[in-house]
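Under the UniProt record's numbering, think of the first position of the sequence shown as 1, with each following residue one higher. Before any comments, here is the structure.
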Amino acid sequence: MEKFNQDEARKGLSLLPDIVQTLLPYLDLEDIRSLSLTNKYYHRLLNIKESGTVWHELFHKAYGRLLTDDEPFQNREAEKFQTCCEVVLTHTLPTLTWHELYEKRSSDAKFYTWGCLKHARLGYTAISNPNLTDDDLNGTGTRFKFGVNKPTLVPWFPENANINHKAIRQISGGGFSFQVLTCAGKIYSTGPTYTGGHRGPGPREGESDFNPFREAIQRMEHSWPRILTAGGPTSINTTGTFPQPLVHGPTPTNRDSSGHSTNHTSITDGPHENIYQQLQELEQSATELVPGNKHIRRMFSRCSFPIYYRHDHSLQIDPEKLGAIKFVAVSSGRSHFLALDDNNELYSWDTAESEHGIKILFDDLPLKETNPIVKIACGWDFNCVYIYDIGLVVWKERDALQEGELASNAHCMVVPKSGDTGGENKVLDFACTQNNCVYFITNKGDKLYSYNLGLVESVDLPPMLDGKLEKIVACFSCLVLFTDHNCYTVGLRDSNIDMDSFSQLVLDDPEDHIISLKGGDYHVVALTKKGQIYTWGIESQFSGCLGLGRPQHVVDEVHLGTWNGPRNVKVLKPTKVPLDDKYVCLAVAAGGWQSGAIIMKK
Numbered sequence: 001m002e003k004f005n006q007d008e009a010r011k012g013l014s015l016l017p018d019i020v021q022t023l024l025p026y027l028d029l030e031d032i033r034s035l036s037l038t039n040k041y042y043h044r045l046l047n048i049k050e051s052g053t054v055w056h057e058l059f060h061k062a063y064g065r066l067l068t069d070d071e072p073f074q075n076r077e078a079e080k081f082q083t084c085c086e087v088v089l090t091h092t093l094p095t096l097t098w099h100e101l102y103e104k105r106s107s108d109a110k111f112y113t114w115g116c117l118k119h120a121r122l123g124y125t126a127i128s129n130p131n132l133t134d135d136d137l138n139g140t141g142t143r144f145k146f147g148v149n150k151p152t153l154v155p156w157f158p159e160n161a162n163i164n165h166k167a168i169r170q171i172s173g174g175g176f177s178f179q180v181l182t183c184a185g186k187i188y189s190t191g192p193t194y195t196g197g198h199r200g201p202g203p204r205e206g207e208s209d210f211n212p213f214r215e216a217i218q219r220m221e222h223s224w225p226r227i228l229t230a231g232g233p234t235s236i237n238t239t240g241t242f243p244q245p246l247v248h249g250p251t252p253t254n255r256d257s258s259g260h261s262t263n264h265t266s267i268t269d270g271p272h273e274n275i276y277q278q279l280q281e282l283e284q285s286a287t288e289l290v291p292g293n294k295h296i297r298r299m300f301s302r303c304s305f306p307i308y309y310r311h312d313h314s315l316q317i318d319p320e321k322l323g324a325i326k327f328v329a330v331s332s333g334r335s336h337f338l339a340l341d342d343n344n345e346l347y348s349w350d351t352a353e354s355e356h357g358i359k360i361l362f363d364d365l366p367l368k369e370t371n372p373i374v375k376i377a378c379g380w381d382f383n384c385v386y387i388y389d390i391g392l393v394v395w396k397e398r399d400a401l402q403e404g405e406l407a408s409n410a411h412c413m414v415v416p417k418s419g420d421t422g423g424e425n426k427v428l429d430f431a432c433t434q435n436n437c438v439y440f441i442t443n444k445g446d447k448l449y450s451y452n453l454g455l456v457e458s459v460d461l462p463p464m465l466d467g468k469l470e471k472i473v474a475c476f477s478c479l480v481l482f483t484d485h486n487c488y489t490v491g492l493r494d495s496n497i498d499m500d501s502f503s504q505l506v507l508d509d510p511e512d513h514i515i516s517l518k519g520g521d522y523h524v525v526a527l528t529k530k531g532q533i534y535t536w537g538i539e540s541q542f543s544g545c546l547g548l549g550r551p552q553h554v555v556d557e558v559h560l561g562t563w564n565g566p567r568n569v570k571v572l573k574p575t576k577v578p579l580d581d582k583y584v585c586l587a588v589a590a591g592g593w594q595s596g597a598i599i600m601k602k
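Here it is as structure tokens:
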């Protein structure tokens, strides 16, 4: 922190600079402003306009919180810890102050996606995004377009929108969508479905959460007069079709001149009342889209809607409750995602039957007041959190919600030997694969551990691994190990390590190295310290998820890959994704057959 006279602090009965710096992570901007106005000493120490320390801390609060498995825990032994975003910014824009970096990250960082177009999972369609050209699209002819083959800007909030609403804190990639977290604490999801119709880590097989909307529809239909269709003794009842009430008494009949009856229903005088109007109004009020882009919508929890918890089944919306929850972290699995709010409450979107998140509880574990959730993560088909003084907690199922309930108990298991709060055996980083399998490393950095089928075992690593383990990342088909010297990849088969595939990841640029990566089904997208994007793996069905251009260009013209079937392209080694020299990448995401990134103009 900037140097200040310690005697000045003592005379003024103020906290020493080092203590103030320790407190900064627990203060928001308004708290810092208030403290700076307390006296002259604090005003100099916490000058919002000039203090690099304050702006660095504000940057951390907005864009550097270590609440997901995207980053390892901050190791106290590390002299200077930087998040991936900080590494890129300080390397590519070394002359800017933290105030300038904060402003630039907030206003100029944009959301880009590429890959499979199906169900608008990229946040747009082939015809809805004006940033697309014909060369950006993969397909067979002019009619059928399967994917986008290069990073493409996603239609987002207009430039004059509130900075907190449009500034993107984090992106996360699922199997069928992306989740986008803004600085305002809102989560948005691309496309109409995050599940793809698949079951997530929600209620156990054969069970489902209580659905008040289904009940509301039944009540509305049953409360509407049932119209009796004229006829014989086996008349047909139609529900809610006509506005006139049921006719009591004998069934009326008409007879023609021959004495034969002619059966018909009564003729209505006008259009019937829309009995679903209240539900439709509720749906409209609860639908928040990105302006001008119907393919990205805001995600809410059950706590936002009275119909879930009020006994009168109210269809009204309280605007204050609708926007009350502020999320600070999000993580995505194949067909589900997990989010943490600023009150350390956990929410899960894990079923195809509902679009609204469910609060998750751990009934058999201590309360969050004494044991808060420190990190969240999603595996392929399960969830994982790290809880202070407890350790890693995993689950694939939870209780089905009953009428009036907002929170569900997770059927969880605690990973043995993962709860140390300090020392060389404290968990430094972890990575989730599938079926409740977790890999983790400790501060000691000499071993890789696996948790599978209730057991923790150490994994024998080959001698070629050089350095101390600092970070691990899991993709569907591989595990990536970062040391203080190099980066290595090893294949996964049903979450088990295939040591025969162990290899070092080497870039063509010897002065650059990978600092972060994400994986889809069969491809990997990596971020380097220079803010470049590298990719490798299999691009399935002309999806474009590698971002290297049209398949024919990749294989036949520049020879970066080979055909792996009639519609698949295989790229074996990390290959640089073309970016304009004026742009730099700050974060990557991937899932399924699609990729995403936060890219900023320098």
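C-beta: ideal position from N, C-alpha, C; glycine also.
Listed as beta-bridge partners of Arg-298 by DSSP are Tyr-188.
In the pairwise beta carbon analysis, the stretch 111–120 is classified as touching the stretch 132–152: at least three pairs are separated by under 8 Å. Inclusion of Gly-404 and Tyr-522 in the CB contact set at 9 Å is not warranted, their separation being larger than that value. Taken through DSSP and simplified to helix, strand or coil, Arg-105 comes out as helix. Within the stretch 519–597, the complete beta strand (DSSP E) segments of 3 residues or longer fall at 523–528, 533–539, 569–576, 583–591, listed in chain order. Nearest C-alpha to Arg-297 among Phe-178, Lys-468, Ala-377: Phe-178. Three or more beta-carbon pairs separated by less than 8 Å are not found between the stretch 382–389 and the stretch 279–289, which leaves the two stretches without contact.
Comparing C-alpha distances from Tyr-63 to each of Val-480, Ala-109, Ser-51 shows the shortest one belongs to Ala-109. Residue pairing by DSSP places Val-393 opposite Val-385, Val-414 in a beta bridge.
Arg-398 is the residue among Leu-479, Ser-331, Arg-398, Cys-545 whose C-alpha sits nearest the C-alpha of Glu-207. DSSP places Trp-156 in the coil class of the three-state scheme, outside both helix and strand.
Scanning its chain for C-beta atoms nearer than 6 Å, with the 5 sequence neighbours on each side dropped, one finds around Lys-321 the residues Ser-304, in chain order.
The beta-carbon separation of Pro-72 and Leu-428, rounded to 5 Å, stays under the 8 Å limit for a contact. When rounded, the separation of the alpha-carbon atoms in Lys-601 and Leu-517 is 21 Å. Ser-503 and Thr-489 have their alpha carbons spaced roughly 6 Å apart. No Cβ-Cβ contact shorter than 9 Å links Ser-501 with Tyr-451. Contact check between the stretch 431–440 and the stretch 472–480: three or more CB pairs, one atom from each, fall below 8 Å, which counts as touching. The alpha carbon of Val-394 has as its nearest neighbour, out of Ile-358, Cys-432, Val-374, the alpha carbon of Cys-432. Secondary structure note for Cys-475: it is in no beta strand (DSSP E), with a DSSP letter that is neither H nor E. For the beta strand (DSSP E) assignment, the uninterrupted runs of no fewer than 3 residues enclosed by the stretch 487–523 are, from N- to C-terminal side, 487–493, 496–504, 514–519. Residue environment analysis places His-222 among the exposed positions, since fewer than 16 neighbouring C-beta atoms fall within 10 angstroms of its C-beta.
In this structure, the straight-line span from the alpha carbon of Pro-462 to that of Val-480 is close to 14 Å. Along the length of the stretch 303–329, whole alpha helix (DSSP H) runs at least 4 residues long occupy 319–322, reported in chain order. Here the C-alpha atom of Ile-358 lies approximately 29 Å from the C-alpha atom of Leu-27. If you look at Ser-458, you'll find it in the beta strand (DSSP E) that goes 455–459.
His-313 has its alpha-carbon roughly 55 Å from the corresponding atom of Pro-574. Here Thr-287 carries a coil assignment [DSSP, helix/strand/coil].
Judged by DSSP secondary structure, Ile-441 falls outside any alpha helix (DSSP H) and instead within the beta strand (DSSP E) spanning 438–442.
Around Arg-567, the same chain offers Gln-541, Phe-542 as residues with beta carbons nearer than 6 Å, after the five sequence neighbours per side are excluded. Note that the C-beta distance between Pro-416 and Gly-379 is not below 9 Å. Annotation for Asn-138: the continuous beta strand (DSSP E) segment containing it runs 137–140.
For Phe-178, the uninterrupted beta strand (DSSP E) run begins and ends at 178–182, by DSSP. Of the candidates Glu-457, Ser-477, His-485, the residue whose Cα lies closest to the Cα of Asp-466 is His-485. Excluding its 5 nearest sequence neighbours in each direction, Cys-487 has C-beta neighbours in its own chain below 6 Å: Leu-505, Ile-514, listed in chain order. The beta carbon of Thr-421 is closer than 6 Å to those of Asp-389 in its chain, skipping five residues each way along the sequence. When the alpha-carbon of Ile-163 is set against those of Lys-186, His-311, Thr-152, the nearest one is in Lys-186.
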